Amino acid sequence: MTQAPKIGLVSLGCPKALVDSERIMTTLRAQGYSFSRDYAGADVVLVNTCGFLDSAKQESLEAIGEALNENGRVIVTGCLGVEENLIRETHPSVLAITGPHQYESVVNAVHDHLPPVPNKFVDLVPENSLKLTPRHYAYLKISEGCNNRCSFCIIPQIRGDLASRPAAGILSEAEGLIRSGVKELLVISQDTSAYGLDIKYAASKYRGREVKAKFYDLAKELGELGAWVRLHYVYPYPHVDQIMELMAEGLVLPYLDIPFQHASPKVLKAMRRPAHQEKTLNRILDWKRQVPDLTVRSNFIVGFPGETEEDFEMMLDFIEEAEIDRAGCFKYEPVTGATANELEGIVPDEVMDERFAQLMEVAQNVSFGQLQKKVGRTIDVIVDDVRPEQNRVIARSKWDAPEIDGQVIVNQADGIKIGDIVQVTVTDNDEYDLFAVPVSA
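Under the UniProt record's numbering, the sequence shown is numbered contiguously, ending at residue 441.
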């Protein structure tokens, strides 16, 4: 039997890029390709790049260079692929370059440089897509692109305007993932709460009935499939209020990932983002009244051009008043092609560093206080890692997304496996994590 050609894969960037990598892998696997875990075993290496920030572009160029040095035969795809000249100038020997979510183009490029070997025993479309995440959770991408035109961002230039998937296709994919063992669906896009706007919320037929491409309708349908459903990249539009009833019913996890970026109306206006800080604060407080268990995670930018000390203090006040449970922080970084580069009032690096440290200290204090409220409670957790030598497992609660939030460290954890959902009693906390023991312990 002729050996299947092997592909190495390097996937960089956000969960949305990870989903792109999974789709490319699934297509290639169905065509008879296999995959290598290292450069040496690969006939060609595919690098899925990130191009959101200039630092991410540099990381992508370095990854391409490493693949060329270790293997020599490299195909580039992903967000940085839109800057073909930059890639060619830096690495002229790459075999081919395609842009983001251009699945057909990247597969054709693989065919050109590493033709498939037909084999009727191997060329079977997998029942479920190949995944790069652990078996028990998966990212579910509901749309591409974005209609927002934030001054610091070039995502619409890279990935285009909002392009929503029909609800039926999303639900069918979710069903397949759950059949394959997935217990947690992480819903992602560039703007999840804008889902369906571009296709006028058109209905599609799922299991003999019409389901509209609307944020609420989709979330409800996903919740009824029986897995944990976690919503990421949600903007605080008024219609998000409806989701609270789904959280109260237990259909959707009490968790919202909302990219606020700032709280000062002046800075938000310069960012070209919704600037109704007071309305937003009231909305969050109202959500938390309706769903007391609601966790809100967000990212904030310090040092945006023109940011004054007053603007910065306003952001700190917002984090405290809104009790932002999980806050990440980024120092402002110019992005080639972004209109924010033309703004005046560059914040010095040392001031940016001070503000970063101060914001993280405030965020830690808020996080500690919020987690302290969980001590003594019995909660469900999903297990990500097992450490039998320590009689311990690393898990997450409904308030923790993988890789970006905290963990639940469970001691006295005999007989628990990765992917299990178990009941634990919370015994302690620190700034980011909870500590617990199984209910049966």
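The C-beta atom is built at its ideal place from N, Cα and C for all residues, glycine as well. Fair warning: this is a prediction, and the values are worked out from it, not measured in the lab.
* To do: Could you tell me how far apart the beta carbons of Cys79 and Ile24 are, in whole angstroms, since I believe they sit closer than 8 Å?
  => No, Cys79 and Ile24 are not in contact; Cβ-Cβ is about 14 Å, not under 8 Å.
* Asked: Closest by CA to Tyr139, which one among Ser21, His113, Gly145?
  -> Comparing alpha carbon positions, the residue from Ser21, His113, Gly145 closest to Tyr139 is Ser21.
* Within this structure, are the beta carbons of Ile418 and Arg396 separated by less than 8 Å? -> With contacts defined by Cβ atoms closer than 8 Å, Ile418 and Arg396 do not form a contacting pair.
* To do: Mark Ile7 as exposed unless 16 or more other C-beta atoms lie within 10 angstroms of its C-beta, in which case mark it buried.
  => With 16 or more Cβ atoms within 10 Å of its Cβ, Ile7 is classed as buried.
* Taking three-plus beta-carbon pairs below 8 Å as touching, is the segment 199-211 in contact with the segment 226-244? -> The segment 199-211 makes no contact with the segment 226-244; the number of CB pairs closer than 8 Å stays below 3.
* Asked: Skipping 5 residues on each side, what residues in its chain have a beta carbon closer than 7 Å to that of Trp287?
  -> Taken in chain order, the residues that qualify are Met244, Leu294.
* To do: Assign Glu210 to one of two classes, buried (16 or more other C-beta atoms within 10 Å of its C-beta) or exposed (fewer than that).
  => With fewer than 16 other Cβ atoms within 10 Å, it is exposed.
* Quick one: residues in its chain with C-beta nearer than 7 Å to the C-beta of Leu281, no 5 flanking neighbours on either side, listed in chain order? => Excluding sequence neighbours, Leu281 sits near Phe318, Glu321, Ala322.
* Asked: Should Gly368 go down as buried or exposed, given a rule of 16 or more other Cβ atoms within 10 Å for buried?
  -> It is Phe, not Gly, that sits at residue 368 in the sequence shown. That one is exposed.
* The beta strand (DSSP E) spanning residue 463 covers which residue range? -> The displayed coordinates of the chain run from 1 to 441. Any statement about residue 463 would go beyond what the structure contains.
* Asked: In angstroms, rounded to a whole number, what distance separates the CA positions of Val47 and Ala263?
  -> Just so you know, the alpha carbons of Val47 and Ala263 end up roughly 37 Å apart.
* Kindly identify the DSSP beta-bridge partner or partners of Tyr255. => According to DSSP, Tyr255 bridges with Thr295.
* Identify which residue in Gly208, Lys205, Arg165, Ala174 has its Cα closest to the Cα of Ser189. => Considering only alpha carbons, the answer is Arg165.
* At which residue ranges does the segment 187-212 contain complete beta strand (DSSP E) runs of 3 or more residues, listed in the order of the chain? -> Restricting attention to beta strand (DSSP E) runs no shorter than 3 residues, the segment 187-212 encloses them at 203-206, 209-212, ordered along the chain.
* Asked: Secondary structure at Ile87, three-state DSSP: helix, strand or coil?
  -> Secondary structure of Ile87 (DSSP, three-state): helix.
* To do: Thinking Val117 and Gly32 are a contact (beta carbons under 8 Å), I'd like their distance in whole angstroms, please.
  => 6 Å between Cβ atoms; contact.
* Tell me whether Lys183 sits in a helix, a strand or coil according to DSSP, three-state version. => If DSSP states are grouped into helix, strand and coil, Lys183 belongs with coil.
* Three-state secondary structure assigned by DSSP to Glu323 -> In the displayed model, Glu323 falls within coil according to three-state DSSP, outside both helix and strand.
* For Leu124, collect the residues of the same chain with a Cβ closer than 6 Å to its Cβ; drop the 5 residues on either side in sequence, then sort them by chain order. => The predicted model places Leu124 with a pLDDT of 45, which falls under 50 and marks its position as unreliable, so this point remains unresolved.
* Start-to-end residues for the alpha helix (DSSP H) that takes in Asn365 -> Looking at the DSSP string, the run of the alpha helix (DSSP H) that includes Asn365 is 349-372.
* residue 442 versus Pro259, Glu224, Lys266, Arg273, residue with shortest Cα-Cα distance -> Nothing in the structure corresponds to residue 442, since the chain is present only between 1 and 441.
* Rounded to the nearest angstrom, how far is the Cβ of Leu343 from that of Pro305, given a contact under 8 Å? -> About 4 Å; that satisfies the 8 Å criterion.
* **Contacts around Met314, its chain only, beta-carbon distance under 6 Å, and the 5 residues preceding and following it disregarded** => Non-local C-beta neighbours of Met314 in its own chain, meaning closer than 6 Å and more than five positions away in sequence, comprise Ala263, Ser264, ordered along the chain.
* To do: For Gly226, count neighbouring C-beta atoms within 10 Å of its own C-beta (all shown protein chains included) and say buried if the count is 16 or more, exposed if not.
  => Flag for Gly226 reads exposed.
* Asked: Anyone know if the C-beta pair for residue 444 and Tyr137 falls short of 8 Å?
  -> Limits of the chain in this structure are 1 at one end and 441 at the other, which puts residue 444 out of reach.
* Asked: If you drop the 5 nearest sequence neighbours on each side, which residues of the same chain put their C-beta closer than 8 Å to that of Leu12?
  -> Hits under 8 Å: Val47, Asn48, Thr49, Cys50, Ala56, Glu59, Ser60, Ala63, Gly78.
* To do: Can you say whether Phe236 is buried or exposed, counting buried as having 16 or more other CB atoms within 10 angstroms of its CB?
  => Here residue 236 is Pro; the residue named in the question, Phe, does not match the sequence. That one is buried.
* Examine chain B for any beta-carbon lying closer than 8 Å to the beta-carbon of Gly81, and answer yes or no. => Absence of chain B from the displayed structure is noted, only one protein chain being present.
* **CA-to-CA distance, Ala67 to Glu84, given in whole angstroms** => Spanning the two alpha carbons is a distance of roughly 17 Å.
* Measuring CA to CA, which of Val439, Arg179, Thr192 is closest to Ala163? -> Measuring from the Cα of Ala163, the nearest candidate turns out to be Thr192.
* Under the assumption that Lys398 contacts Asp420 (Cβ atoms under 8 Å), give the Cβ distance between them as a whole number of angstroms. => Asp420 and Lys398 do not touch by the CB rule: their CB atoms are close to 15 Å apart, not below 8 Å.
* Asked: Does the distance from the CB of Ala174 to the CB of Ser204 come in under 8 Å?
  -> Their beta carbons are not under 8 Å apart, which means Ala174 does not touch Ser204 by this criterion.
* On the three-state DSSP scale, how would you describe Asp123? -> At Asp123 the pLDDT is 43, less than 50, meaning the model places this residue with poor confidence and gives no usable figure here.
* Nearest to Asn411 by CA position, among Arg377, Pro388, Asp400, is which residue? -> Nearest of Arg377, Pro388, Asp400 to Asn411, Cα basis: Pro388.
* In angstroms, rounded to a whole number, what distance separates the CA positions of Ile301 and Ala30? -> Ile301 and Ala30 have their alpha carbons spaced roughly 42 Å apart.
* Would you kindly work out how many angstroms separate the C-alpha atoms of Leu28 and Gly99, rounded to a whole number? => Near 17 Å, if we compare the C-alpha coordinates of Gly99 and Leu28.
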